[in-house]
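Accompanying notes for the structure given below.
Protein chains: 2
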Amino acid sequence: MKSTMMQVPLSTNQILERAGRYFGTSDVMGRRPDKSIYQRSYAEVYRRARQLAQALREKAGIAPGEAVATISWNHAWHLECYFGIPAAAAVLHTINLRLTPEEIAYIMVDAGDRLLIIDDVLLPVWEKVRPLLRQPPRVVVVPFGGAALPGGYESFEDFIADDAIAYQYPVQDENEAVGMCYTSGTTGRPKGVVYSHRSMMLHAITGCIPDIFGIAGRDKILVVTPMFHANAWALPFSALMVGADLILPGPHMGGDDLLELIERSQATIAVGVPTIWAMLLQSMEATVSTRPLALAKGFRMLVGGAPMPAVMIERFAKFGINVVHGWGMTETSPIGSFTIIKTKHDALPPEQQYALRAMQGVAAPFVDMRITNARSEEQPWDGVSTGEVQVRGPWISGSYHNAPDHDPEKFTADGWLRTGDIATINAEGYMRIVDRSKDLIKSGGEWISSIELENLALKHPAVAEAAVVAIAHPKWDERPLVIVVTRPGMELDGSTLRAFMAPHLARFQVPDDFEFVESIPRTATGKFLKNTLRDLYRHRQSITPG
Amino acid sequence: MKSTMMQVPLSTNQILERAGRYFGTSDVMGRRPDKSIYQRSYAEVYRRARQLAQALREKAGIAPGEAVATISWNHAWHLECYFGIPAAAAVLHTINLRLTPEEIAYIMVDAGDRLLIIDDVLLPVWEKVRPLLRQPPRVVVVPFGGAALPGGYESFEDFIADDAIAYQYPVQDENEAVGMCYTSGTTGRPKGVVYSHRSMMLHAITGCIPDIFGIAGRDKILVVTPMFHANAWALPFSALMVGADLILPGPHMGGDDLLELIERSQATIAVGVPTIWAMLLQSMEATVSTRPLALAKGFRMLVGGAPMPAVMIERFAKFGINVVHGWGMTETSPIGSFTIIKTKHDALPPEQQYALRAMQGVAAPFVDMRITNARSEEQPWDGVSTGEVQVRGPWISGSYHNAPDHDPEKFTADGWLRTGDIATINAEGYMRIVDRSKDLIKSGGEWISSIELENLALKHPAVAEAAVVAIAHPKWDERPLVIVVTRPGMELDGSTLRAFMAPHLARFQVPDDFEFVESIPRTATGKFLKNTLRDLYRHRQSITPG
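These protein sequences, in sequence, are chains A and B. Residue 393 in the numbering used here sits at position 393 of the first sequence, and the numbers go up by one each step. To get the numbering used here, take the position in the second sequence, counting from 1, and add 546.
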């Protein structure tokens, strides 16, 4: 029997039309570099996004499927790019403005960017990139800072000035590319992930459901997650689909800045990563000593990008703020899983509820998830067995741009993405990340979690910081090396720390190798630079008996 | 540029797997014909649906794409059919148990039903249908009532008894048929609408968003809408997708029965049609005179199938119950539009808010909507101009089963569904149905709404009932005939009523033809039988001057 349903391709243009028709009075509230506030209605965003689309096709000659890059903070112009570039059948390529000039040049060539839209305040970034490119793209400059444009640059406002009332969207298949992001892998070259209209639409509607972001037309969403990271979790698409207002903070993301914006806008949802929320929490805790917080009723927070500790979730709960935890990556659009608290969990003691909320949760609708061991055997959902998280679904990447179709390091033979995260899944289906695959210590066919050893070492009162990496062993292949910074004025040696840790570990997990150092190298976002540590101790041999 | 996203087809089997893996402890609470209560976990539904799928393929030899019919109330076995039939790659054909035997026989032949699953308590329906069929299908009987099975019938429990742990879903394209329903058109033969895996999945996830049904894993959903009407608004699919509990009422749908079930189950959402909710409202109002209602916190109601008057929405609001209004039909899966109350509406006076809630609302995400006049010209969204509602989208039917591909009565040349509903759309995009297309009076190239004339006539104190249909006119083609039942003991004539109505109408809308009768024929659900009325007055000529 044949279905009688219409064959209507999914397209983000449908969201743009919807925003223009139904939600013209909803708006973006944004903050400029000088911290002044502006507002722009979706009626305006609709009109201007269509003007951008027309200009890209008619003035710049962008052909369907060609990439148009942005180097921008979170603001209304960037939102116009989110819709206007796809409306031209072009590919929205959002570039991480914190990459090195060499990395930006590399991905611009790899993506084949034909045009770059960049903030005036970020032109110094571009000026370091341009000399590295043989054929620099046309550059259009967003007047975000608002100062006079340097000579030789074309203004976004001039570029989109022409009326586009009669503009017609190109007809496209739903599997055509709508956007792309590069992974910021710590090893190897950045790799391009290319989203389709279909994947983006499925992701955008799924993000709206109550158990994920829970977005209604009444909501006001503060998007702290950069719009150059995994489509800002597709929130711009979700928001305009249902008519929710957006609050876009621009470059100021300190705790006090965000608290001021949350109170002023009466945001109902805020979305970001744990490091930013840690700063916000400090501001909130400092502020309540002088006055009560003026949060919107039901204000809630969503966190992803890295695990948020249960204790931080609990501290937010003291302000009546519910934190929902998600997990994902560039390759997963990014929603992979999220935590849900069901009625049956209400009876759990608070600390168990916080522990549940700190897990990475259950797979999103449309996403299949499994964990497998080093021999590709699927592992049981018992909360103890660990394995690599693998996912599959219509918004999960199955390859990389300009890369051979099958890379066994990244994809399984049966077509699942290998995320490189090592996790357990409990009987209820809640996933908990225990380590990154490359940070695991593979010792005698068993896996040892670097994170678990680090957390255990940190419980010793003399330990200020601890990082664990693998070093070579002739029999066991790898053994853990515990690198420790002691607290000022405190003494500690390896055998004392070993004796402290051993009772909490299986015998094969007990480390024998210790290194005491002044400091441990970290990334800008505070993560240990484990590649650097591995390089540093590359020639060290473990003393574990064979 | 090519998208790198995985090509993963949408399938309702993904929901079934999800329910089994993540939501095994969620459940159905149901009521049997003797009003006793049972519960069944989704772990059980998962296991049994897969057993049904295996039995359909292996015992009954059902091939992919063949139809399997159900004649059933809302209960856990029917839920197993919702998932088990598609899991066999067969097509879930839910039959309206209130149709005549001739209609049921007609649609069973039209669908090519290979097997029928029917409630024991509904076997008397089947026994009237069977003699009308040359090749009756295999019949499997659900022990819903629980009495001993009459001889010669096969039990559902025996049919699905075999273990299906190793059952593998057939591989299917997402555009393959998953289910079908027949329209209950008042004119002509019933017509089959065939849903696809793709349409059902898109509809199921969209139904979960906060502005439509707003379904979270914590919810308990009372589905009063029959599971044989437009997939019960796809709620069984939405519920198992997110792990919400279901409450299935079986055959008892009186107001007291439903109130008892709502309180006992602590339902958070109830979904049904206005006639049922009118009975529930009466029970609620009668009950509060003796005791407070014991509703779950945040209990809310969804209504569709026919417009609910603003006054009824207001009466529910007195119990703190929020009613959300939807509009749709079998051909629209069924979600077409729904009402949303945005922050800006909070400042409106209550009566305007109730009026807004009584409208049919804004088109759902993925659905495009327009109104066009008799000359197929799109009408402005000004709240005044009327036109036929036309829709387009991935879960809208573009043809009928076994029918020529293009029927200009039902579909436009550019591929939109003609719904036959006449409506206005205001500047905010809120649609309001003013009449059915076939009930409009087409007078001199203008449209006159029968519903508006009826509502106006009803304002006269001597009018008990009023129905308006078109009668012939040599010059104006059609003119309205107002058929009136007067209140007992009151006198009224046509010229008096005409004088009462005229000041509120444009000149061409003022009726000249009146008929005073003892009663007006109605359907079982209380609607006027306008076809019967039109037949009755077929030869009457209007007295309007030419």
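Beta carbons: idealized from backbone N, C-alpha and C, even for Gly.
query: Contact set between the region 562-580 of chain B and chain A, restricted to residues whose Cβ is under 9 Å from the partner; result: Glu563, Arg564, Arg567, Tyr568, Phe569, Gly570, Thr571, Ser572
query: Listed by chain order, chain B residues near glutamate 409 (chain A) by CB distance under 7 Å; result: In chain order: nothing, as chain B lies at least about 15 Å away.
query: Limits of the alpha helix (DSSP H) - the one that tryptophan 823 (chain B) falls within; result: 820-833
query: Three-state secondary structure assigned by DSSP to serine 983 (chain B); result: helix
query: First and last residue of the uninterrupted alpha helix (DSSP H) at histidine 325 (chain A); result: Where histidine 325 (chain A) is concerned, there is no enclosing alpha helix (DSSP H), although the beta strand (DSSP E) it sits in stretches over 322-328.
query: Nearest residue (CA-CA) to glutamate 1064 (chain B), options B:Glu1037, B:Glu1024, B:Met858; result: B:Glu1037
query: Pick from B:His1006, B:Pro911, B:Thr958 that is closest to serine 922 (chain B), judged by C-alpha positions; result: B:Thr958
query: Closest Cα partner of valine 224 (chain A) within the set A:Phe500, A:Val273, A:Ile212; result: A:Val273
query: Residue range of the alpha helix (DSSP H) that includes proline 782 (chain B); result: 781-788
query: Chain B contact residues for proline 210 (chain A), given Cβ-Cβ distances below 9 Å; result: Cys754, Ile755, Pro756, Gly760, Ile761, Ala762, Gly763, Arg764, Asp765, Val788
query: DSSP beta-bridge partners of glutamine 39 (chain A); result: A:Met29
query: Residue environment, tyrosine 153 (chain A), which counts as buried when at least 16 other CB atoms sit within 10 Å; result: exposed
query: Cutoff 6 Å; reference alanine 601 (chain B); Cβ partners in own chain excluding five residues on either side; result: Phe705, Ile706
query: Between the CA atoms of leucine 963 (chain B) and arginine 938 (chain B) - distance to the nearest angstrom; result: 6 Å
query: Own chain residues within Cβ distance below 6 Å of alanine 470 (chain A), not counting five before or after; result: Ile441, Glu478
query: Residue from B:Ile971, B:Glu1011, B:Lys1005, B:His624 whose Cα sits closest to the Cα of asparagine 777 (chain B); result: B:His624
query: Nearest-angstrom Cα separation, counted from glycine 420 (chain A) out to proline 404 (chain A); result: 19 Å
query: Opening and closing residue of the alpha helix (DSSP H) in which tryptophan 623 (chain B) lies; result: 622-633
query: Contacting positions in the region 895-909 of chain B - beta carbon closer than 7 Å to chain A; result: Val908
query: Cβ distance (whole Å) where methionine 747 (chain B) is taken to contact threonine 640 (chain B) below 8 Å; result: At roughly 18 Å, the Cβ-Cβ gap does not stay under 8 Å, so methionine 747 (chain B) and threonine 640 (chain B) are not in contact.
query: For threonine 94 (chain A), the residue or residues it bridges with in DSSP; result: A:Thr70
query: Extent of the continuous beta strand (DSSP E) run through tyrosine 728 (chain B); result: 723-728
query: Expected contact under 8 Å - CB spacing of glycine 65 (chain A) and alanine 89 (chain A) to nearest Å; result: 7 Å
query: Within 9 Å of chain E by C-beta, residues of the region 385-409 of chain A in sequence order; result: Chain labels in this structure do not include chain E; the protein chains are A and B.
query: Where glutamate 176 (chain A) meets chain B, residues with beta-carbon distance less than 8 Å; result: Ser549
query: Distance CB(leucine 826 (chain B))-CB(glycine 801 (chain B)) smaller than 9 Å; result: yes
query: From A:Trp233, A:Ala364, A:Ile205, A:Ala111, residue whose alpha carbon lies closest to that of leucine 133 (chain A); result: A:Ala111
query: Residue nearest to alanine 69 (chain A) in terms of C-alpha spacing, selected from A:Val139, A:Ser3, A:Leu505; result: A:Val139
query: Runs of alpha helix (DSSP H) wholly within the region 641-700 of chain B (minimum 4 residues, chain order); result: 647-657, 669-675
query: Extent of the continuous alpha helix (DSSP H) run through threonine 558 (chain B); result: 558-568
query: Residue-chain proximity (arginine 138 (chain A), chain B), Cβ-Cβ < 9 Å; result: no
query: Residues that DSSP places opposite glycine 546 (chain A) in a beta bridge; result: In the DSSP output, where bridge partners are listed per residue, glycine 546 (chain A) has none listed.
query: Interface flag, proline 365 (chain A) vs chain B, CB-CB below 9 Å; result: yes
query: Bridge partners - proline 795 (chain B), DSSP secondary structure assignment; result: According to DSSP, which records beta bridges pairwise, proline 795 (chain B) is partnered with nothing at all.
query: The region 897-906 of chain B contacting the region 970-987 of chain B, beta-carbon criterion three pairs below 8 Å; result: yes
query: Distance CB(arginine 1033 (chain B))-CB(alanine 1010 (chain B)) smaller than 9 Å; result: yes
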